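Down below is the structure, laid out as structure tokens.
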Amino acid sequence: ATMTSITVFEQGRLTFSREQSFGGRQLTEQIMHRYGLTWQEAGLAKKEGNLPENYISEVLDPFKDNMVRQLHRFLQFYYASSQRESVSQILISGGCARIPGIDEQIQSVIGTPVKIVNPFTQVALGSRVSPVRFTGDMQALLIAAGLSLRGVG
Numbered sequence: 001a002t003m004t005s006i007t008v009f010e011q012g013r014l015t016f017s018r019e020q021s022f023g024g025r026q027l028t029e030q031i032m033h034r035y036g037l038t039w040q041e042a043g044l045a046k047k048e049g050n051l052p053e054n055y056i057s058e059v060l061d062p063f064k065d066n067m068v069r070q071l072h073r074f075l076q077f078y079y080a081s082s083q084r085e086s087v088s089q090i091l092i093s094g095g096c097a098r099i100p101g102i103d104e105q106i107q108s109v110i111g112t113p114v115k116i117v118n119p120f121t122q123v124a125l126g127s128r129v130s131p132v133r134f135t136g137d138m139q140a141l142l143i144a145a146g147l148s149l150r151g152v153g
């Protein structure tokens, strides 16, 4: 993803939303540039964890730090514009939510409980749906799932 959608819900209603130009695509691009890989090679290496030893310290950790900074800036903007002082919980999903330790890092820096969510945990797959393919496409389906939670009209 090239964009991150950040939303605030109060009592089940969407009250604040903002798009940030930041996502897993930036991590893939950093892997490409750092290790001289093609887009497909970098994506596959990222997915399979097939990266050099220095990947964590030189690429992943700075990416995670930037991700946390982006979220922190969003919250500061939200607090200033809504006159709220806190949120009770941060829910994360999508490809970047699978980065090991990102939930703990967000919680440590921001000081708010963080939970990784998967809106598809209660979804029963039809017999014609491949579980492997569904798992691979799941992140692309998150926007549709989020829109369905808003309701129609």
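Position 45 of the sequence shown, counting from 1, maps to 45 under the numbering used here, and the rest follow consecutively.
Heads up, the beta-carbon is just placed ideally off N, CA and C, and yes, glycines get one too.
Quick caveat, the model's predicted, so the values are computed rather than measured.
The DSSP-derived three-state label of SER57 is helix.
The stretch 72-91 makes no contact with the stretch 121-131; the number of CB pairs closer than 8 Å stays below 3. Rounded to whole angstroms, the Cβ separation of THR2 and SER21 is 7 Å, and the two are in contact under 8 Å. Rounded to the nearest angstrom, the gap between the Cα atoms of PRO52 and GLY101 is 19 Å.
Classified as exposed, ILE56 has fewer than 16 neighbouring CB atoms from the shown chains inside 10 Å of its CB.
The closest CA to that of LYS47, considering only THR112, ASN66, CYS96, is found on CYS96.
Between ALA42 and THR28, the C-beta gap is smaller than 7 Å, which places the two residues in contact. When the five nearest sequence neighbours on each side are left out, the beta carbons in the same chain lying within less than 7 Å of the beta carbon of GLY23 are those of ALA1, THR2, MET3, THR4, CYS96, in order along the chain. Here LEU142 is near SER93, since their CB atoms are less than 7 Å apart. Secondary structure note for LEU44: its alpha helix (DSSP H) is the uninterrupted segment 39-48.
The shortest C-alpha to C-alpha distance from GLU58 to any of THR135, SER130, ASP137, TYR35 is the one to TYR35. Shortest Cα-Cα distance from GLU19 to any of THR135, THR38, TYR78 involves TYR78. DSSP lists ARG13 as the beta-bridge partner residues of GLU10.
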